[in-house]
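**Student:** So that we are looking at the same thing, I have put the structure below in structure tokens.
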Amino acid sequence: MLLLNLREQVLQANLDLVRRGLVLSTFGNASGVSRPDNLMVIKPSGVAYDQMTAKDLVVTDLHGKVVEGTLRPSSDLPTHAALYRAFPSIGGIAHTHSEYATAWAQASQPIPCFGTTHADYFHGPIPVTESMTDAEINGEYEANTGVAIIRAFEHRDPVSIPAVLVANHGPFAWGSDAAKAAENAWMLEAVARMAYFTISINHNARPIDKALHDRHFLRKHGHNAYYGQPGTKT
Ligand SMILES: [Zn+2]
């Protein structure tokens, strides 16, 4: 069987999403990519999480063609594939309908950075895509969802802001691997929830200053990061 380690990582990432309460019913999927093989591993469609095993996952190429697997892949496969092609530095993707992030997506509002929890993970507001046109929806809908995300990142760095809100739909998050993508999906939900409370308490709440935002993001990421222990990635 191909990519056993990656299959196991992607299985765990999918289970992480469930454990963290980010999956409503079966609305959630995680994937991971092997760059040397140009192959990705994704959750199968409609399999109960408590019965899913690594061998149930589906291996495809980066255009979504199934290479190994007997089950149908997640219907969001074309979105994942489009992101792997467009963002060569990412190694994993997680999609959920977690409630607070989805509420911001449904409102088509970017999530402002109101505090350092957000700044630790995302170097800027969480962007929201433009609504898709009827032609995009009636055409290759899932692939076009990827196109809408890529458009939202035309002038943004997907490594510095590893998440997006798809308008009227929900969040996608990504990271260096599937585990990191699932963690970013979890953090995204936390900051979406906190941002909602922040503006409920104070309608006039303002995003944090650039200096504080930069300080928190850059102490954890990038060349001069000093958060955590040397040699460990946090
Ligand atoms: Zn969805």
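Counting in my numbering, the sequence shown runs from 17 upward without gaps.
Beta carbons are placed, not taken as given, at the ideal position from N, Cα and C, and that holds for glycine.
Return yes when the C-beta of H96 is under 7 Å from any heavy atom of ligand 1, and no when it is not.
**Tutor:** Checking the Cβ of H96 against ligand 1 gives no.
**Student:** Please determine, among S176, A110, P126 and A119, the residue with the shortest C-alpha to C-alpha distance to E199.
**Tutor:** Comparing Cα positions, the closest option is A110.
**Student:** Check the DSSP bridge columns for D14 and list the partner residues they point to.
**Tutor:** There is no way to answer for residue 14, as the model of the chain reaches only from 17 to 250.
**Student:** Could you round the C-beta distance between E205 and A117 to whole angstroms and report it? I think they count as a contact, below 8 Å.
**Tutor:** The Cβ separation is near 5 Å, so the contact holds.
**Student:** At a cut-off of 7 Å, is G186 close to ligand 1 when judged by its beta-carbon and the heavy atoms of the ligand?
**Tutor:** Checking the Cβ of G186 against ligand 1 gives yes.
**Student:** Which class does L38 belong to by DSSP, given the choice of helix, strand or coil?
**Tutor:** Three-state DSSP puts L38 in coil, outside helix and strand.
**Student:** Closer than 7 Å: is that where the CB of H113 sits relative to any heavy atom of ligand 1?
**Tutor:** For ligand 1, at least one heavy atom lies less than 7 Å from the Cβ of H113.
**Student:** I believe H96 touches G44 by the beta-carbon criterion, under 8 Å. Please report the beta-carbon distance rounded to the nearest angstrom.
**Tutor:** With 8 Å as the limit, H96 and G44 do not qualify as a contact, their Cβ atoms being about 13 Å apart.
**Student:** With 16 other CB atoms within 10 Å as the buried threshold, where does P174 fall?
**Tutor:** So P174 counts as buried.
**Student:** Since E158 sits in a beta bridge, which residues does DSSP pair it with?
**Tutor:** According to DSSP, which records beta bridges pairwise, E158 is partnered with nothing at all.
**Student:** Checking the sheet assignment: what are the DSSP bridge partners for S50?
**Tutor:** In the DSSP output, where bridge partners are listed per residue, S50 has L55.
**Student:** Is the Cβ-Cβ distance between V180 and T133 less than 8 Å?
**Tutor:** Their beta carbons are not under 8 Å apart, which means V180 does not touch T133 by this criterion.
**Student:** When you compare each of V182, E156 and P187 to V39 by their alpha carbons, which one comes out closest?
**Tutor:** Among V182, E156 and P187, the Cα nearest to that of V39 is on P187.
**Student:** In whole angstroms, give me the CA-to-CA distance for R235 and W202.
**Tutor:** For R235 and W202, the distance between alpha carbons rounds to 20 Å.
**Student:** Is there contact here, the region 82 to 98 with the region 46 to 56, by at least three beta-carbon pairs under 8 Å?
**Tutor:** Result yes; three or more Cβ-Cβ pairs closer than 8 Å.
**Student:** Helix, strand or coil for F43 per DSSP?
**Tutor:** Three-state DSSP puts F43 in a strand.
**Student:** Does N30 pass the burial test, meaning 16 or more other C-beta atoms within 10 Å, or should it be called exposed?
**Tutor:** By the neighbour-count rule (16 or more Cβ atoms within 10 Å), N30 is buried.
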